[in-house]
Amino acid sequence: MSNLKRMVVITLACVIYQCVTADAATPVVDAPAFRSTVQPFFKKHCNACHDADVAEGDLRLDNLAADFSARESSGHWVEVLDRINLDEMPPEGEPRPTENELADVTEWISNNLSQMRRSIQSTGGRVVMRRLSRSEYANTVRDLLNVEFVDGEGPLEDLPPDGSIQGFDRLSRALLVDPSLMQAYIDVGGAVADRAIVFRPPAIPTKTLHFDFVDTRDSAMSYLLQRRAILIDDPFLTVMQSGARTFGKLRHPSTNTEIPVTGRYRIRVRAAADPGKTNAPVFMDLTFGSLGRLARFRVDADRNDPQIYEHEQTFDAAIPGEFGVSIVNGTRFNETTQVVAKAFRDANQLFDDGKPMESLRAKARMRAEGVYGTNMRSGYRPNVIDTKPLPKLHLQWIEVTGPLQPDFPPPSMQAIFPDGIPAVSQRTLETATKAFARLLPRAFRRPTTKAELDAIIGLVKMDLVSGASFQQAMQTGITAMLCSPNFLYLREDASSRPRKLTDMETATRLSYLLWSSKPDDELFRAAASGRLTQTPAEIDRQIDRMLADVRSEGFVDGFARQWLKVDEFNRFQPDDKIFPKFYETEFAGLDQDIVQEPLAFFREVLHNDESLRSFLSSGWLMLNERLATYYDINKVAGNHFRRVPLVKADAWMEQAKLRLRNEPGIGPIHMVGPFTGTSPHSVFDKRYPPEEKVSLDDSIDQLPWKGLRWTQHSDWHDGKIHQVFAKENSAYYLYRKIESKIAQDLTLALGSDDAIKVWVNGDRVLSNYAIRAIEPNQERVTVSLRVGKNDVLIKIVNGDSDGGFYFQAETIAPEIMAALNVAGPQRSQDQRQLLEDTYLAESASAARGGLLGMAGVHLWGADGSRTKPVERGKYLLTVLFNDPPPPPPPNAGEVEPNLNGKQLSVRERLELHREQTTCNHCHRRIDPYGLALENFNAIGQWRVQTDGEKPVNQYWGERAAIDPSGVLPNGTEFRNFLEFKRAILKQERRFYRGFTEKLMMYALGRTIEPTDRPTIDRILSAASKEGMTIRALLTHIAKSEPFLTK
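This is the structure we're talking about:
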């Protein structure tokens, strides 16, 4: 191996020298503006302190050249810009420049510094040699040798991260090579060779181990049965709290550990569930030692028909552990015990307070509810809890299969020895020579020379002569092949002048564009025949074929992932106290769904030949069940992503008109109370007379509430918070009559201070015991109305201080009714906006469609607790238009969070931030795009009022309404999110150009130069005639002069 290492170091060093000696283009400076704007500014405000006589801080401005390419002068320009932005120039006491003067000078310096950065990244319009990125290396090894690595190992894990320029890891100047990378290539090449060359079956065979959970009753584990949370109920072990262990019963016999060797394992659990009286779905976690949760499943299967829940994962043998299964939303028995014990103590206190009958009634009620107690010296203590109403997880068995591995011999041996594994007598240098004669052209992506083959075979021979086995010698040869610059670099013969690519070079560029991997045999054959360069239709045919191949996922993963920045979506974790919904049980795995959504969308646009316009606005989404639920979109089942049509505005308006004809009539609010008790909990549980019968004309005739009457409150309007209950530890009842012309569903938005119960036509539809401050929409419940009269009874429990309620039936408001009754062309602008705002508020899909409605984009533009419109604006400018704003000045700071109880909206705080002149110039360009997205909160959910920054259990007061309106830099005004999307659609040509520039940068492996503009214009013109699809752009880029020229 020492000879191999020496060879790799020398050859890579030569290649590095060739790469780093390439010249960068010289930036062009706007000299007229320098003479007309900057020099007069210096003369008026700066030269008095920075000329030949004074030169404060060793900085002279009277002779500072407009040269941004020289290190010293560019450093001076950076210093000037920083001092102006920091208000250090001109100094205090000197005349202040006007805002226009400051803006002109800082803009000139910023633009030229940006041009300098671009020139440093430039290759002068030439495609220069570059090495493979990590992902390209891994894909190429996979396709060359049929070697698959499991998660957590292989090239993607063992090679250092690649650099990136303008978001992509394929640009030559980002893919540098240093000594540490040389060693990494040797190590990874050796690991690949060890995996590829295998002459014996694996030492540890695949095995399936099985454990029946009812075997927990074995004596060594029988102590568990003493816990109320676990029951043996053949053929199940039933858990109601925590979960069940496997007690070493799944240890592989080869090593007596659960994970005998690093690899991939399949875990299957057969289970069922009983939601009890909660009617909420039961969730099950699969766990392993210190790794914690491996997977979470929603268990809907009934115990009469248990189902198998399956998970596959790569495990590291160095991490010990034991498999376990637990119920996620079970009952916390310790807390329940404490609550029940307190109830018994409260009952005792009633007796001590001279209220023996109330004490007896309290104890009788608890026993009736299934709670029993024994009289202990320390007071009453429960020892039995009725478990029938509790959610339960029924566990039947668990089995682990692994390590999962292909049948012997592995596919890699077929790739290296297509005629079969050589017999012992055939394991010779001649066999090795035949194998590498076949492999090298595929590895180097071109015909190879005898000298190149001899170099590899020489190393194999040296190993064999020194006594190494044939397997070891072949592994040395494979390692040398993978460390060769001919493999590691996309090499094209150098030339002093531009030249046309050869067919083989064209095939390589095409395969790394579409597959991020080597050409396959068919593409090689097309290149060998000369068809790629001689027959233009051949490139079309190959692109269609290659995009239909599963390897085109390399393009989705390589281009779309980096273009959309999806790996940065989860850079900030949402605060669980502010956004608990993000962490609710049913949304386990949501963070990965959010990452996959834009990739699934891109894949659909690519393979269905959808227009690029879909990225700006689409009538469909790519969703799975979990993400659809998160977006409040119904009728999507399963974990796989699929195309889901959206309810468009016209369809929604037709539905609204139909609703209008059948709109239910809601009567005024009637109220009776207070009904007092000893504690909020006791009041919540007690059935008071209105729960038995509602008679609006009669007074309550039961003691001690005799004489209480129902009163009508026509002044209590819907959609308002009414803080009207003053009596502590009391219940108040509200009644409303709803008349419906047809049987239909109606959604009620409710809020309460504190606890709430709701009945519709005698059936309880909501019960929530909570001590909280009131806010709108704390509860949403959809109720089924029957034809005719419907009775709605609401119970509000007030604990202490003042209590109240919020009620809003999702019916059509009178002003919306009026707008719907006007024909579309005759509607006023206000009516059109009212209907759009209502559509956005009522239709879960209204704000979705295209990139702007995806949660990941909004998580990227937030910090886990609050939205950051500036970041969102930068994202849109960079991703959609390839027009990123310049970096902020050093003193720009952040938009501050709300402090000291202030309730300023982000827009109001941003206005304060923009008061600095040097900040204002850029913010005028960025902010409208970011503020237009303010209806999406920090976790990508739709909102109409400010949220975030405070835990959900803190009182907000009157929250600010979201104002997304604005004016784009081109003068286009918008008042809501839909108008903003229409304004963006008017800039579709700008988006097409930005996308094409990004795609061309990815295809060429270099930055886009001004000289590329005519080519991009021709590509856009041709693609527009073919529907402006990704396929059309790829085809015309692949036929363009820059792509086919060295």
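Numbering (mature numbering (1 follows the signal peptide of the UniProt record, and there is no 0)) for the sequence shown: -24 to -1, 1 to 1022.
Beta carbons: idealized from backbone N, C-alpha and C, even for Gly.
Query - Contact check, P178 vs Q510, beta carbons under 8 Å - result: no
**Report entry** Where N87 falls: helix, strand or coil (DSSP)
**Finding:** helix
Query - Minimum length 4: unbroken alpha helix (DSSP H) runs contained in the stretch 151 to 180 - result: 155 to 172
Query raised in the report: Going by the C-beta, is F125 closer than 7 Å to any heavy atom of the ligand NAP?
Result: With respect to the ligand NAP, the structure shown offers nothing to examine, as it has no ligands at all.
Query - For F577, the first and last residue of its enclosing alpha helix (DSSP H) - result: L566 to H583
Query raised in the report: Which term fits A999, buried or exposed, when burial requires 16 or more other beta carbons within 10 angstroms of its beta carbon?
Result: buried
Query raised in the report: Does the distance from the C-beta atom of A725 to that of R756 stay below 8 Å?
Result: yes
Query - Nearest to H228 (by Cα), restricted to the options R501, L185 and P665 - result: L185
Query raised in the report: In chain order, which beta strand (DSSP E) runs of at least 3 residues are fully inside the stretch 646 to 707?
Result: 687 to 689 and 697 to 701
Query raised in the report: Per DSSP, which one or two residues make a beta bridge with N122?
Result: Bridge partners of N122: none, in fact.
Query - Nearest candidate by alpha-carbon position, reference Q678, set Q688, P666 and T687 - result: P666
**Report entry** Own chain, CB closer than 6 Å to I235, minus 5 neighbours either side, in chain order
**Finding:** F291 and A293
Query - For Y356, the three-state DSSP class (helix, strand or coil) - result: Confidence at Y356 is low in this model, with a pLDDT of 35, below 50, so the placement of that residue is unreliable and no value is reported for it.
**Report entry** Proximal residues to A785 (C-beta, below 7 Å), its chain only, five neighbours per side dropped
**Finding:** I642, D694, L722 and L724
Query raised in the report: What is the rounded straight-line gap between the Cα of P148 and the Cα of K1022?
Result: What sits at residue 148 in the sequence shown is Ser, not Pro. Each residue's alpha carbon lies about 14 Å from the other.
Query raised in the report: Thinking just about the alpha-carbon of each residue, which of V882, H834, I645 and N305 is nearest to the one in S690?
Result: I645
Report task. State the DSSP-derived secondary structure class of T991, mapped to helix, strand or coil. Result -> helix
Query - For M522 and G595, the rounded distance between their alpha carbons - result: 28 Å
**Report entry** Proximity below 8 Å, CB of F18 to CB of D38
**Finding:** yes
Requested in this report: With a cut-off of 8 Å on the beta carbons, I'd call V245 and V301 a contact; round off their distance for me.
Outcome: 6 Å
Query raised in the report: For the putative contact between L499 and L486, defined by C-beta atoms under 8 Å, what is the C-beta separation to the nearest angstrom?
Result: 7 Å
**Report entry** Selected residue, minimal CA-CA separation from F420, among A702, P495 and A749
**Finding:** P495
Report task. Within the same chain, show all residues whose beta-carbon is closer than 6 Å to that of V(-5), passing over the 5 residues directly before and after it, in chain order. Result -> For V(-5), the pLDDT reaches just 43, beneath the cut-off of 50, and the residue's location in the model is therefore unreliable, although a value from the coordinates is still provided. Nothing meets the Cβ criterion.
**Report entry** Neighbourhood of T814 by C-beta distance below 6 Å, restricted to the same chain and skipping five residues each side
**Finding:** I792
**Report entry** Simplified DSSP assignment, three categories, for W491
**Finding:** coil
Query raised in the report: If we count the other Cβ atoms within 10 Å of its Cβ and call it buried at 16 or more, is T983 buried or exposed?
Result: buried
Query raised in the report: beta strand (DSSP E) containing D767: first to last residue?
Result: G764 to N774
**Report entry** Simplified DSSP state of F291, which is helix, strand or coil
**Finding:** strand
Query raised in the report: With burial defined as no fewer than 16 other Cβ atoms inside 10 Å of the residue's Cβ, what is the status of F264: buried or exposed?
Result: buried
Query - Under 8 Å between C-beta atoms of P211 and Q372 - result: yes
Requested in this report: Decide if the stretch 986 to 1006 is in contact with the stretch 937 to 945; the criterion is three or more beta carbon pairs, one per stretch, under 8 Å apart.
Outcome: no
**Report entry** CA nearest to the CA of L151, picked from D163, D138 and S460
**Finding:** D138
Requested in this report: Just grab the DSSP bridge partners of G968 for me.
Outcome: In the sequence under discussion, the amino acid at residue 968 is Tyr, which differs from the Gly named in the question. Note: Y968 sits in no beta bridge, so no partner.
Query raised in the report: When burial is assigned at 16 or more other CB atoms within 10 Å of the CB, is D479 buried or exposed?
Result: buried
Query raised in the report: Between the beta-carbon of T854 and the beta-carbon of P860, is there less than 8 Å?
Result: yes
Requested in this report: Just the C-alpha distance for D767 and T1005, rounded to the nearest angstrom, thanks.
Outcome: 56 Å
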